[in-house]
Amino acid sequence: MYIISTFYKFVRISDTLSLQKSLKDFCLEKEIKGTILIAEEGINATVVGKEDEIKQFHTFMSSLPYFPDLLFQESSCEFMPFQKLKVKIKPEIITFKVPDLDMSNTGEYIKPEDWDAFISRSDVKVIDTRNYYEVAMGSFKNAISPNTNNFTDLVEWIEKNLDKKDLETPIAMFCTSGVRCEKSTAYVKKLGYKNIYHLQGGITNYLKRNKCGVLWEGACFIFDDRIALDSCLLPTNA
1 MYIISTFYKF VRISDTLSLQ KSLKDFCLEK EIKGTILIAE EGINATVVGK
51 EDEIKQFHTF MSSLPYFPDL LFQESSCEFM PFQKLKVKIK PEIITFKVPD
101 LDMSNTGEYI KPEDWDAFIS RSDVKVIDTR NYYEVAMGSF KNAISPNTNN
151 FTDLVEWIEK NLDKKDLETP IAMFCTSGVR CEKSTAYVKK LGYKNIYHLQ
201 GGITNYLKRN KCGVLWEGAC FIFDDRIALD SCLLPTNA
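In terms of full-length UniProt numbering, the sequence shown is residues 1 to 238.
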């Protein structure tokens, strides 16, 4: 059995090359695979290994000065869903192409346990920030899909579809693990919208912590060989 660990953090990283080497060396030694993206703005990663190795990886990550409080989201799989290890330095940990976003001014988190009740309110506009092919596999009931091809397309959709005269209506955003909504909510707040929220830890955290949630429909698309997860976070073999 393999353990999949997904995590991200927006934090200013000055020595990206040094961090890249440290993470690559550790993962190679422990035979951990996956994708780790590093940028000056932070880290975004999904890694896979045996249980003991992933525990050691978590301990190692938490020992680094940048990451004392990472939220590791875990699931399990009977096969290795990654073919190799990639540790890359990028301009952004999630490409959005909006300069000067204040990542300390993002939307307010809604806990998974409170999400169904919150998005059931008639005054809340619920937006799925994922790509069209992800939404096609599953989403929350009555969520708006921008029908985007990639995350950067969401910028244009927001500018064209959110009412600039109504800055008060609550907007709730969600994505797979939460990282995209950090940027999308920061952007919407930058535009002047006041009541902005997002699902803490994304869909995967919701499915893990909210087994009785009734508003999720379908499967959750993911970017590895598992392709999609059911409500128990198990591969659907889609």
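C-beta atoms are modelled at their ideal positions from N, C-alpha and C, and glycine is treated no differently.
None of these values were measured; they are calculated from a predicted model.
Exposed unless 16 or more other CB atoms sit within 10 angstroms - verdict on residue i
| i | result |
| --- | --- |
| Val126 | buried |
| Val48 | buried |
| Glu134 | buried |
| Met1 | exposed |
| Asn147 | exposed |
| Phe223 | exposed |
| Thr46 | buried |
| Leu101 | buried |
| Asn142 | exposed |
| Phe79 | exposed |
| Glu53 | buried |
| Ser5 | buried |
| Glu41 | buried |
| Asn165 | Inspection of the sequence shows that residue 165 is occupied by Lys rather than by Asn. Exposed: under 16 other Cβ atoms inside 10 Å. |
| Pro68 | exposed |
| Pro91 | exposed |
| Lys9 | buried |
| Pro65 | exposed |
| Pro235 | buried |
Residue i versus residue j: straight-line alpha-carbon distance, rounded
| i | j | result |
| --- | --- | --- |
| Asp95 | Ile38 | In the sequence under discussion, the amino acid at residue 95 is Thr, which differs from the Asp named in the question. Cα to Cα, Thr95 sits roughly 12 angstroms from Ile38. |
| Ser18 | Lys88 | 12 angstroms |
| Val124 | Ala172 | 7 angstroms |
| Gln200 | Thr106 | 12 angstroms |
| Lys183 | Leu154 | 11 angstroms |
| Cys232 | Thr204 | 9 angstroms |
| Phe7 | Phe151 | 18 angstroms |
| Thr16 | Thr176 | 25 angstroms |
| Ser74 | Asp114 | Per the sequence presented here, residue 74 reads as Glu, with Ser not at that position. About 21 angstroms. |
| residue 240 | Tyr109 | Nothing can be reported for residue 240: it is not among the residues displayed for the chain, which extend from 1 to 238. |
| Leu71 | Phe60 | 14 angstroms |
| Glu168 | Ala136 | 30 angstroms |
| Asp25 | Ile32 | 10 angstroms |
| Met103 | Asp225 | 31 angstroms |
| Phe118 | Pro112 | 10 angstroms |
| Ile13 | Ile93 | 12 angstroms |
Whole-number beta carbon distance between residue j and residue i, since they are thought to touch under 8 angstroms
| i | j | result |
| --- | --- | --- |
| residue 243 | Tyr197 | The displayed coordinates of the chain run from 1 to 238. Any statement about residue 243 would go beyond what the structure contains. |
| Leu215 | Asp116 | 5 angstroms |
| Val179 | Ile158 | Between Ile158 and Val179 the Cβ distance is about 17 angstroms, and since that is not below 8 angstroms, they are no contact. |
| Leu162 | Tyr193 | 7 angstroms |
| Thr35 | Lys86 | 5 angstroms |
| Gly218 | Ser139 | 7 angstroms |
| Lys21 | Gln56 | Not really, about 18 angstroms apart at Cβ, beyond 8 angstroms. |
| Ser62 | Ile3 | Incorrect: roughly 16 angstroms between the Cβ atoms, too far for contact. |
Strand pairing of residue i, partner residues [DSSP]
| i | result |
| --- | --- |
| Thr152 | Looking at the DSSP assignment, Thr152 forms no beta bridge with any residue, so it has no partner. |
| Val126 | Ala172 |
| Leu229 | Cys220, Pro235 |
| Ser139 | Glu217 |
Distance cut-off 7 angstroms: residue i Cβ against heavy atoms of the ligand COA
| i | result |
| --- | --- |
| Ser76 | Questions concerning the ligand COA fall outside what the structure shown contains, since it holds no ligand whatsoever. |
Problem - Contained alpha helix (DSSP H) runs [length at least 4] in the segment 39-119, N- to C-terminal order - result: If we require 4 residues or more, the alpha helix (DSSP H) runs fully inside the segment 39-119 come out as 51-63, 112-119.
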